[in-house]
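Using the numbering used here, the letters of the sequence shown correspond one by one to residues 43 to 138.
Heads up: the structure comes next, in structure tokens.
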Amino acid sequence: MNKDAQMRAAINQKLIETGERERLKELLRAKLIECGWKDQLKAHCKEVIKEKGLEHVTVDDLVAEITPKGRALVPDSVKKELLQRIRTFLAQHASL
Numbered sequence: 043m044n045k046d047a048q049m050r051a052a053i054n055q056k057l058i059e060t061g062e063r064e065r066l067k068e069l070l071r072a073k074l075i076e077c078g079w080k081d082q083l084k085a086h087c088k089e090v091i092k093e094k095g096l097e098h099v100t101v102d103d104l105v106a107e108i109t110p111k112g113r114a115l116v117p118d119s120v121k122k123e124l125l126q127r128i129r130t131f132l133a134q135h136a137s138l
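What follows is the structure in structure tokens.
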């Protein structure tokens with residue numbers, strides 16, 4: 043495991059241990075619902091199913107199709123807020 047991967051693992055472990063990871067996930071869920079992301083992605087899923095036909099779409103196909111769009115639709119403000127929260131967390135737990 044390279045140094046970068048070790049650092050990521052240590053940060054992730056600390057986020058889990060402190061419960062911060064779950065808090066960040068809840069914040070992300072709330073922000074995505076608030077900005078309409080969930081509704082946009084739901085509409086995109088319906089479009090994909092309509093285009094390909096329900097009997098021709100598997101869950102894996104749908105996930106592969108909507109993942110790039112889902113990531114692109116996350117507002118920059120949400121990304122920035124999460125990044126800031128992670129930076130604050132890391133500053134408070136500098137012993138990593």
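For every residue, glycine included, the Cβ atom is placed at its ideal position computed from N, Cα and C.
- Secondary structure of Cys77 (DSSP, three-state): coil.
- Remark: C-beta atoms of Leu69 and Leu57 do not approach each other more closely than 9 Å.
- Between the alpha carbons of Lys122 and Lys94 lies a gap of roughly 35 Å.
- Contact check for Leu124 and Ile53: beta-carbon distance about 14 Å, past the 8 Å limit, so the pair fails to qualify.
- Counting along the chain, Met49 sits inside the alpha helix (DSSP H) bounded by residues 45-60.
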